[in-house]
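Asker: Shown below is the structure under consideration.
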Amino acid sequence: MAADDGRPDPADVDADSILEGAGFDADESVLTRRQAEVLALRERGLRQSDIADRFGTSRANVSSVEASARDNVERARETVAFAEALSAPVRVEIESGTDLYDAPKRVYDACDEAGVKVNQTAPELMKSIGDRAGDAVHGREVRSRLFVTVAADGRIRVRRP
């Protein structure tokens with residue numbers, strides 16, 4: 001049953017089932033079990049205060065656990081992106097101050113040299129780079145150095161150092 005505000009009833013949400021269904025393994029994860037539980041419950045719409053009541057702790061403690069969990073997830077994503085960048089056959093640095101319209105040609109040239117096919121048109125590639133770069137790109141201006149990597153299968157990844 002859902003609460004009046006559209007969120008689920010906290011009593012109806014079972015963190016153990018969610019973690020089991022997602023294949024969580026605390027021995028293999030960068031998250032502690034508690035961090036995983038908090039993220040699972042938050043993703044199901046529970047408020048930090050609901051989770052605090054469930055765990056017999058304060059909302060501030062749940063907030064801290066959630067912040068640490070999200071930081072760990074972001075670090076894990078960055079580690080994976082770094083490892084993929086190391087093995088990517090195409091790596092292009094886009095310097096700060098570059099016009100975003102110049103990026104596709106640089107990526108296409110590097111892909112041609114490596115024999116890698118990119119399945120995106122220049123406008124699609126500019127949008128991919130802009131979207132994935134976040135606030136490192138404003139309008140057409142690249143404001144922070146970026147690394148664009150292209151995997152052998154044509155997947156594009158954009159990283160900020």
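Each residue of the sequence shown is one higher than the last, beginning at 1 in the UniProt record's numbering. Even for Gly, the Cβ is constructed at its ideal location relative to N, Cα and C. Source: prediction; values computed, not measured.
In angstroms, rounded to a whole number, what distance separates the CA positions of ALA136 and ILE94?
Answerer: Start at 1 with the first residue of the sequence shown, and residue 136 comes out as number 136. Start at 1 with the first residue of the sequence shown, and residue 94 comes out as number 94. Answer to the nearest angstrom: the Cα atoms are 11 Å apart.
Asker: Is it true that the CB of ALA69 sits closer than 7 Å to the CB of ARG59?
Answerer: For the purposes of this step, residue 59 is taken as the residue at position 59 of the sequence shown. For the purposes of this step, residue 69 is taken as the residue at position 69 of the sequence shown. Not a contact, by the Cβ cut-off of 7 Å.
Asker: What's the call for THR149, buried or exposed, on a 16-neighbour Cβ count within 10 Å?
Answerer: Along the sequence shown, one-based indexing puts residue 149 at 149. The residue in question, THR149, is buried, as its Cβ has 16 or more Cβ neighbours within 10 Å.
Asker: Could you check which residue in VAL116, ARG159, ARG44 and LEU39 has the C-alpha nearest to that of ASP153?
Answerer: Residue numbering aside, residue 153 sits at position 153 when the sequence shown is read from its first letter. Among VAL116, ARG159, ARG44 and LEU39, the Cα nearest to that of ASP153 is on VAL116.
Asker: Determine the DSSP secondary structure at LEU146, reduced to helix, strand or coil.
Answerer: In the sequence shown, residue 146 corresponds to position 146, counting from 1. Three-state DSSP puts LEU146 in a strand.
Asker: Who pairs with ASP99 in a beta bridge, going by DSSP?
Answerer: Here residue 99 refers to the residue found at position 99 of the sequence shown. Beta-bridge pairing links ASP99 to GLU141.
Asker: How about the stretch 117-134 and the stretch 73-88: do they share at least three Cβ pairs that are nearer than 8 Å?
Answerer: Flag = no, the stretch 117-134 and the stretch 73-88 do not touch.
Asker: Give the straight-line distance between the Cα atoms of ALA122 and ASP99, rounded to the nearest whole angstrom.
Answerer: Position 122 of the sequence shown holds residue 122. Position 99 of the sequence shown holds residue 99. For ALA122 and ASP99, the distance between alpha carbons rounds to 13 Å.
Asker: Three-state secondary structure (DSSP) at ARG159?
Answerer: Here residue 159 corresponds to residue number 159 of the sequence shown, with the count starting at 1. Note: ARG159 maps to strand in three-state DSSP.
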